[in-house]
Structures are given as C-alpha cells and as structure tokens.
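What follows is a set of notes on a single structure, which appears directly below.
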Amino acid sequence: MKAEPDSRIVKGKDVKFGVDDFEEVKTTPWEGVRNFEARNLMQSMSVGDKVLFYHSNCKSPGIAGFAEIAKEAYPDYTAWDSSHPYFDPKTKQDAPKWHMVDVAFKSRAAHFVPLALLRRIADSTSPSLPAGIEYLSHDNVQAIKGMALVTRGRLSVQPVEEGAWAAIELLADRGGWSEDEIGVKKGAAAKKATTKAAAPKRGKKTASKKSEKADEERADEGEASDPVEQEDKEVKPKANGSRKRKADEGEPQETRVTRQSTRRKA
DNA sequence: GCCAACGTTGGC
DNA sequence: GCCAACGTTGGC
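The first sequence maps to residues 935 to 1200 in the numbering used here.
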C-alpha cells in the first residue's frame, strides 16, 4: 500500500504520510483511494492480512515498513466531505462508491528497501545480483521479478505474493547492498520520527489519489472529479481497446455500475 | 521539472 | 470497435 512521505498540498491540506507519520498514529483509515482496482483489492482484505508500506512519489521510493489490516473495508467517508482532499462529488450518500480499510503499523523496515534495488534485482540475470545480497535465493529473485511494483507501478494498492513477501522481508531484515551501487538517491528513507501524524494521506498514489475511476462505475455515477484529486473520470464503459488492463474493477461488491471489462490490477 | 507508461475519453 | 488526443502517475 503506497503513501507519499513528502508534503503535497491538495485542496489546502497536506496529504503527506510517511512511515514516521504512520508509526506515530499507529492505525489509520486508508482513505482516499479512488481507483477501482485498488478499491477492490481493499475490499478483499481481511483483518490480520499483512501489508508492505511503500513510499511513493518521493526522492527515494521504496518499502519503508510493515503493517497489517486492522479493520475490513467500510465506506470511505472522505468521499462525501467537500472540504476533504479526496472528496468525490459523484459519490452519493446512499451509495458509497469508495471504501477503505484500517491499517495498523507493525514495524519499520530495518533496512529501507529501495525500488531501485528491486528493479536491479528484477533486471539482473543470476550471476549479476548486486553485491551484498547473495543471501537471496533464486526463488526470492524470481518472486521479486514478478512483483506488481516492478512490472506495473501505478496502482496504489497492489497484491503481494507470498514469495515476494518473504524476499522483501529478507532484504529489509538483512540489508547488505550499497546504495551507491544501486543508484539510490537518498533522502527519504531514513528519517524517522517526526512528523505529524494525524492525518495521513495516502492515497496516493495510486489510488489514492488519483486514479481511479475506472471503471467502475460508470454508469452510475459519474463521477468525476473533483478537484481534488484527480480522479475523476469516469468511466464509462468504454473500453477501449487498447490497453489492456484496465482497471478492472472488479467487482466486488459494489460496484455498481458496470464494470466493464477490463481489468487490471495487479 | 521531464517524460515514459498507461489508462481514459470520445469522435468516427 | 478502433484509435488519436489527453490526462495522470510516478520514477528519475
């Protein structure tokens, strides 16, 4: 699940929410996801499901911590708050379109796992893994190669396979790589504490913010956008052909509208 | 700030 | 249903 650790003002409010903020608030509603695929994923989550906390849209994107689902999906009330950064004018009071889950902070990654490292691993052919992480098994490497984070990046909420989880956990616990070799910029990751707490933001990314729309709905609502985030769009049935994936929405629940076809998500 | 990837919109 | 224009995400 992605969040933005850097300040970004949306509708007059800062949507920043990094691992420091998360550690401070302990548990937070993952509001602001306005992407059907991401939303569907959240609707399929159960209490206790494990979560990788990712820093997005920042100098050093990567996995900063671990968390778990504390409450199953319920309507995202921020969609009805016109003053909220994630307000969605199209969502009707009697028909919640967006949902969120509560996520509880578990721990910080002992070693921040940079996206750059994961990409390096994914691109490497066996013999050329970056120095210092020889402890990764072939399976670990294969699992990383298949991560949605690497193969498609934009979704703010993505599924993580068991193997990938194990590989990330290993990297976070043991570290060993050289940031210089990986080409990481620095900056982010390390900070710690500080911050604010309170109102997180998230979204993001992907979902969060943005995106969204897709499908789903369509029909209904219409949606659109609002200023705030983006979002909007509506969906409509469209389908376009091109692309493939689309969001899919899926369906799950709600969904209203029709969904359409396509799919996506990771 | 640039820009590539990619999804959406909407005309035809 | 195809496809070009356009908007967004988000790494770099």
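Glycine is no exception: its CB is placed at the ideal position from the N, C-alpha and C atoms.
Alpha carbon of A1050 to alpha carbon of L1105, nearest angstrom | 13 Å
Contacting residues, own chain, Cβ-Cβ under 7 Å from K1126 (five flanking each side not counted) = Here the model assigns K1126 a pLDDT of 37, short of 50, so the residue's position is not dependable and the matter cannot be decided.
What are the complete beta strand (DSSP E) segments, minimum 3 residues, inside the segment 989 to 1015?
-> 996 to 1009
How many Å lie between Q1092 and F987 at the Cα?
-> 11 Å
Measure the beta-carbon distance from A1007 to V1035 and round it to whole angstroms, keeping in mind my assumption that it falls under 8 Å.
-> 5 Å
6 Å Cβ shell around G1117 - same chain, five flanking residues per side excluded = A1050
Counting along the chain, where does the alpha helix (DSSP H) carrying H1072 start and finish?
-> 1072 to 1079
Own chain partners of K984 with C-beta closer than 6 Å, once the 5 adjacent residues on each side are dropped = E1002
Assuming G1080 contacts A1098 (C-beta within less than 8 Å), just tell me the rounded distance between them.
-> 7 Å
Alpha helix (DSSP H) containing D1036: first to last residue?
-> Where D1036 is concerned, there is no enclosing alpha helix (DSSP H), although the beta strand (DSSP E) it sits in stretches over 1033 to 1048.
Q977 versus V967 - alpha carbon distance | 12 Å
Residues near L1052 in its chain [Cβ-Cβ closer than 6 Å; skip 5 each side] = I1078, V1084
Alpha helix (DSSP H) segment containing T1085, residue limits | 1082 to 1085
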